[in-house]
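The sequence shown begins at 0 in numbering that gives the first Met the number 0 and counts up one residue at a time.
All C-beta atoms, glycine included, are put in the ideal place defined by N, C-alpha and C.
Take a look at the structure below.
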Amino acid sequence: MRSDTSVFQAAKRQAGNSSSGQLRRRIGLLLLVLYGVGVTVGAGIYVLIGSVAGHAGINSPLAFGIAAIVMGLTVASYAELCARFPVAAGEAAYVRAAFGSRVLSTITGGLMIATAVIASAAVTLGSVGYLAQFLNLPKELLIVVVIGGVSVVVAWGVLESVLLASLFTLIEVGGLVAIIVAAAWAGLPIGDALLAPPPADLATVSGLFFASLLAFFAFIGFEGLTNMVEESHSPTRNVPLAMALTLIITTALYVLVAAIAVTAVPLEKLASSEAPLTIVFQNVAGMGAAVISAIAIGATLNTIIAQMTMASRVIYGMARQGDLPSVLGAVHSTRGTPLVATVAISLLVLALALFIPFGRLAEFTSIATLIVFALVNASLLRLRLQRKNSTLGKSRVPIWVPLFGFISCIMMIGSSFF
């Protein structure tokens with residue numbers, strides 16, 4: 000079996016064979032946090048809060064809090080592994096180092112690529128729905144325009160991609176902050192929701208647990224930061240720190256917005272709405288539908304940019320490790336981006352968005368992501384049990400963290416079939 004550092008060293012040697020084969024380190028901590036928050040918040044919270052409220056009711060903030068604790072276990076595992084292996088295609092590298100299996104590593108990387116591609120296609124359909132309110136164009140044309148535009152940004156440069164994603168992050172998070180500020184200004188009594196005691200009866204507890212499972216998916220996205228390590232300054236410090244800050248910021252936003260939503264809007268109306276935050280915006284912030292649609296467009300575009308950026312880096316990393324054809328690891332000589340991988344991802348996203356319905360896209364995204372999270376936790380657990388220490392990173396978490404992280408992911412995968 001390969002040593003704990005061999006994956007990183009092999010990738011570094013291969014990248015160093017030519018200057019044109021290396022990605023450029025251009026991203027600092029602030030942009031990493033904005034990227035992480037943007038891809039995590041994404042478009043999810045804008046539609047998810049209604050479903051959570053329908054199952055958890057006044058305990059919706061608690062549901063998001065429970066989901067954050069569960070997600071925190073996986074975030075901690077990612078943080079340590081990222082410090083050990085600061086390479087693109089992180090998940091695939093973690094699995095290979097832990098299990099010594101090229102096949103399992105390739106499957107893991109393939110799941111990451113599939114998840115990002117399918118999520119990008121699904122969110123593209125959502126973005127087109129909002130764009131159609133402003134542009135009277137055929138749906139298929141709007142899909143091509145959205146994916147084509149995002150592809151150009153991703154291929155142009157990582158700094159440009161992250162800067163644009165950061166702008167969209169400020170817009171989408173600004174919408175959530177506007178709700179919070181407006182609620183505070185109006186003196187909305189959200190204390191009852193924030194301090195509501197946990198339910199005591201079995202039926203309500205079951206509803207809260209299911210709501211927590213739904214809320215869990217609102218935190219998915221931070222893992223994309225692992226694929227930015229080769230383009231980040233001080234990656235073994237900044238990327239794990241960015242992950243932690245991403246979780247803290249998104250948890251605070253979700254809990255506060257959930258408390259405001261269940262206080263400002265009747266639960267039945269909130270749960271039955273296809274655009275629940277639209278109602279919250281109108282009731283609390285006094286914003287019109289056009290403003291909300293514009294914010295939603297920014298949120299969806301941000302998610303597409305982040306997911307396509309991440310997927311292209313996974314392909315690049317896997318090609319460099321020999322798991323995919325080497326041509327997919329080609330880096331543009333002047334832009335410093337994995338151009339061939341970006342084109343491949345763009346074509347896949349375009350095909351799925353044009354021919355596969357939204358529901359089927361979203362379903363596979365959730366299951367595939369949880370499988371990857373389970374593999375990541377299992378990888379750290381195996382490395383720690385083998386007492387493999389790394390000099391590459393100093394981050395260490397208690398061994399029960401990856402254990403419970405693995406168990407929680409398996410439980411959520413199982414619950415998706417019932």
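Query: Cβ pair V264, I179 closer than 8 angstroms; Result: no
Query: Per DSSP, cross-strand counterpart(s) of I189; Result: Paired residues: none, contrary to the question.
Query: Per DSSP, the bridge partner or partners of S160; Result: None; S160 has no bridge partner.
Query: Given P397 as reference, the closest of G413, M411, L382, C408 once Cα atoms are compared; Result: L382
Query: Sufficient close CB pairs (3 or more, under 8 angstroms) joining the stretch 68 to 78 to the stretch 278 to 293; Result: no
Query: Paired residues, beta bridge with I409 - DSSP; Result: Looking at the DSSP assignment, I409 forms no beta bridge with any residue, so it has no partner.
Query: Contacts around S50, its chain only, beta-carbon distance under 6 angstroms, and the 5 residues preceding and following it disregarded; Result: L213
Query: Opening and closing residue of the alpha helix (DSSP H) in which H54 lies; Result: 44 to 55
Query: Neighbourhood of E139 by C-beta, 7 angstroms cutoff - its chain only, sequence neighbours within 5 removed; Result: L353
Query: Straight-line Cα distance separating V330 from V339; Result: 8 angstroms
Query: Y93 versus L141: straight-line alpha-carbon distance, rounded; Result: 38 angstroms
Query: Strand pairing of I26, partner residues [DSSP]; Result: S231
Query: Assigned secondary structure, L269 (DSSP; H/G/I helix, E/B strand, else coil); Result: helix
Query: Three-way DSSP call (helix, strand, coil) for A199 in this model; Result: coil
Query: Between the CA atoms of Q385 and V145 - distance to the nearest angstrom; Result: 47 angstroms
Query: Straight-line gap, A456 to I48 (C-alpha atoms, nearest Å); Result: Any answer about residue 456 is impossible in this case: the structure gives the chain only from 0 up to 417.
Query: Same chain, Cβ closer than 6 angstroms to G223, neighbours up to 5 away in sequence not counted; Result: V38, A305, M309
Query: Neighbourhood of F357 by C-beta, 7 angstroms cutoff - its chain only, sequence neighbours within 5 removed; Result: A121, L124
Query: Beta carbon proximity, T249 to chain D, threshold 8 angstroms; Result: The structure shown has no chain D; it contains just one protein chain.
Query: Enclosing alpha helix (DSSP H) for V94 [first to last residue]; Result: 89 to 98
Query: First and last residue of the uninterrupted alpha helix (DSSP H) at F354; Result: 338 to 354
Query: Rounded C-alpha distance that separates V326 from P337; Result: 10 angstroms
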